[in-house]
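Each remark here refers to the structure printed beneath this line.
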Amino acid sequence: AATPRVFSGIQPTADSFHLGNYLGALRQWVALQETHEAFYCVVDLHAITVEHDPAALRRRTRVSAAQLLAMGLDQDRSTLFVQSHVPEHTELAWVLGCITGFGEAGRMTQFKDKAAKQGTAGASVGLFTYPILQAADILLYTPEPRAGAVLQVPVGEDQRQHLELTRDLAGRFNHRFGTTFVAPEAYIPENAAKITDLQEPGAKMSKSASSPQGIIDVLEEPGPMRKKIMRAVTDTGTEVRYDEEGKAGVTNLMRIYAALDGTSYGDIEKRYEGAGYGQFKKDLAALVVDTFEPIRERTRELLADEDALDRLLAQGAERAGAVARRNMEIVRERVGF
Ligand code: ADP
Ligand code: NA
């Protein structure tokens, strides 16, 4: 069988990715290079659906790409590129938009959530059609629609509805214009951990919602990283025990520990029996620092030579663009251009 393809994207909306991004998504991107033909995209077009600062966007696009490379993405084993460098994304989005129902688009709950935050009347049309651009991002990298061809997309809960829309649009296009797209399927990585806020164990660690004390940035200095973990909210008990309801804080820290160290929850419990939270947190802080320190160093090196980084990204855009142009040519012909 052919090597399965995978597509994933991430927005350049912060000056650093955070621990949740790393354990919930980006670490899996690196692993998938070995088993998949992978296309990874820094989705800067998505980042302008809300008000943005051009200089910050340009900086964050480079910083995001540099971090991904520093985490182990490798242009020889996968294709990493910036969305706006491949103009076919917007062209396919237009075509797909024309086969999307207005009501259908209106049912996207993420738009409703995001728009509600800023007052729906003030939300941009771009934010409304965001899921259609996302569908284009994915379908542009469709393999040839032969038996056994696979296109996978790693998705969290919040993206499920958008992937469903993408599947519907692929099916609709195929039905109207002839089989063109492989319907993408959700890829649920086995070891993807959902990480919660260090100060509010009920909420997800998030760049937009977490306070500085609740979030750990990949590019943060070791000092503050350690401090935040030592001060993470636990409970009045002393036992390091996995209990999502009763001990949400400790359980979140155990999830991070298990994800970084490969130790099972049972073995972590045994290891810290009678030791209390202090020792556990100290060891966890060391694990986090040791994981991110080389990534921070490498990111700094990559950013020090902007031309070399831009050349790497141009290489990715060229490779992605070749696939995108080939698929877009078929779409254009089928649609009647
Ligand atoms: P986007 O708007 O691009 O989804 P996010 O920062 O919300 O930006 O998410 C980027 C990726 O990181 C997504 O795959 C998401 O599922 C993952 N992610 C974000 N926060 C967490 C978290 N706290 N735990 C696990 N995964 C997370
Ligand atoms: Na993703």
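My numbering numbers the first residue of the sequence shown as -5 and each following residue consecutively. No residue lacks a Cβ here, since even glycine has one placed at the ideal position from N, Cα and C.
TODO: Check residue 37 in the structure and name its three-state DSSP category.
DONE: Here the question's residue 37 lines up with position 43 in the sequence shown. DSSP places residue 37 in coil when its eight states are reduced to three.
Task: Identity of the residues DSSP links to residue 184 by a beta bridge - done: Position 190 of the sequence shown holds residue 184. Beta-bridge pairing links residue 184 to no other residue.
TODO: Examine the Cβ distances between the region 28 to 43 and the region 166 to 174 and report whether three or more of them are shorter than 8 Å.
DONE: As far as the Cβ criterion goes, the region 28 to 43 does not touch the region 166 to 174, which means the pair count is below three.
Open item on the list: Given 8 Å as the limit, tell me if residue 222 has its C-beta closer than that to any heavy atom belonging to the ligand ADP.
Closed with: Translated into the one-based positions of the sequence shown, residue 222 becomes position 228. In this structure, residue 222 has its CB at a distance of at least 8 Å from all heavy atoms of the ligand ADP.
Open item on the list: For residue 211, list the residues DSSP reports as bridge partners.
Closed with: On the sequence shown, residue 211 is found 217 positions in, with the first residue counted as 1. In the DSSP secondary-structure assignment, residue 211 is bridged to 12.
Task: Buried versus exposed, by CB contacts within 10 Å (16 or more), residue 331 - done: Working through the sequence shown from its first residue, we reach residue 331 at position 337. So residue 331 counts as exposed.
- [ ] State the beta-bridge partners of residue 32 as determined by DSSP.
- [x] Residue mapping note: residue 32 aligns to position 38 of the sequence shown, counting from 1. In DSSP, residue 32 forms a bridge with 0.
Task: Residue burial classification, residue 219 (beta-carbon count within 10 angstroms, cutoff 16) - done: Position 225 of the sequence shown, counting from 1, holds the residue named residue 219. Counting Cβ neighbours within 10 Å, residue 219 comes out buried, since at least 16 surround it.
- [ ] Give the DSSP-derived three-state secondary structure of residue 192 in the structure shown.
- [x] Here residue 192 corresponds to residue number 198 of the sequence shown, with the count starting at 1. Three-state DSSP puts residue 192 in coil, outside helix and strand.
Task: Buried or exposed (CB count within 10 angstroms, at least 16 for buried), residue 82 - done: In the sequence shown, counting from the first residue as 1, residue 82 sits at position 88. The C-beta of residue 82 has 16 or more other C-beta atoms within 10 Å across all chains shown, which makes the residue buried.
Open item on the list: With a threshold of 8 Å (Cβ to nearest heavy atom), would residue 198 be considered close to the ligand ADP?
Closed with: Residue numbering aside, residue 198 sits at position 204 when the sequence shown is read from its first letter. Checking the Cβ of residue 198 against the ligand ADP gives yes.
- [ ] Answer yes or no: the CB of residue 125 versus the heavy atoms of the ligand ADP, is any distance below 8 Å?
- [x] Taking the sequence shown and counting its residues from 1, the one referred to as residue 125 is at position 131. Incorrect: residue 125 has no Cβ contact closer than 8 Å to the ligand ADP.
Task: Burial state of residue 333 (16 or more Cβ within 10 Å) - done: Residue 333 is absent from the model: the chain starts at -5 and stops at 331.
Task: Any C-beta of chain C under 9 Å from that of residue 190 - done: Of the chains in the structure shown, none is chain C; there is only one protein chain.
Task: Close Cβ partners of residue 283 (< 6 Å) along its chain, the five nearest in sequence each way excluded - done: Indexing the sequence shown from 1 puts residue 283 at position 289. Beyond the five residues adjoining it in sequence on each side, residue 283 comes within less than 6 Å, by CB distance, of 216 and 219 in the same chain, given in chain order.
- [ ] Spatial neighbours of residue 237 within its chain, please: CB distance less than 7 Å, with the 5 preceding and 5 following residues excluded, ordered by chain position.
- [x] As a working note, residue 237 is residue 243 in the sequence shown. So the list reads 245, once near-sequence residues are dropped.
Task: Proximity below 9 Å, CB of residue 38 to CB of residue 78 - done: As a working note, residue 38 is residue 44 in the sequence shown. As a working note, residue 78 is residue 84 in the sequence shown. For residue 38 and residue 78, yes; Cβs fall inside 9 Å.
Open item on the list: Using the three-state DSSP reduction, which class does residue 221 fall into: helix, strand or coil?
Closed with: On the sequence shown, position 227 is the one that residue 221 refers to. In the displayed model, residue 221 falls within a helix according to three-state DSSP.
Task: residue 36 burial status per 10 Å Cβ neighbour count (16 or more: buried) - done: Within the sequence shown, numbered from 1, the residue matching residue 36 stands at position 42. It counts as buried.
- [ ] Kindly indicate which residue of 252, 7, 312 and 264 has the alpha-carbon position closest to the one of residue 52.
- [x] Mapped onto the sequence shown, residue 52 falls at position 58. When each option's Cα is compared against that of residue 52, the closest is 7.
Open item on the list: I need the straight-line Cα distance from residue 179 to residue 198, nearest angstrom please.
Closed with: Taking the sequence shown and counting its residues from 1, the one referred to as residue 179 is at position 185. Taking the sequence shown and counting its residues from 1, the one referred to as residue 198 is at position 204. Near 25 Å, if we compare the C-alpha coordinates of residue 198 and residue 179.
Task: From 239, 18, 59 and 33, residue whose alpha carbon lies closest to that of residue 294 - done: Along the sequence shown, one-based indexing puts residue 294 at 300. Of the candidates 239, 18, 59 and 33, the one whose C-alpha sits nearest the C-alpha of residue 294 is 59.
TODO: Output the distance between the C-alpha atoms of residue 94 and residue 177, rounded to the nearest integer angstrom.
DONE: For this step, residue 94 is matched to residue 100 along the sequence shown. For this step, residue 177 is matched to residue 183 along the sequence shown. For residue 94 and residue 177, the gap between their C-alpha atoms comes out near 16 Å.
- [ ] Counting only the same chain and skipping the five closest in sequence on each side, list residues whose C-beta sits under 8 Å from that of residue 103.
- [x] Stepping through the sequence shown from its first residue, residue 103 is reached at position 109. Within the same chain, and ignoring the five residues on either side of residue 103 in sequence, the residues whose Cβ sits closer than 8 Å to its Cβ are 155.
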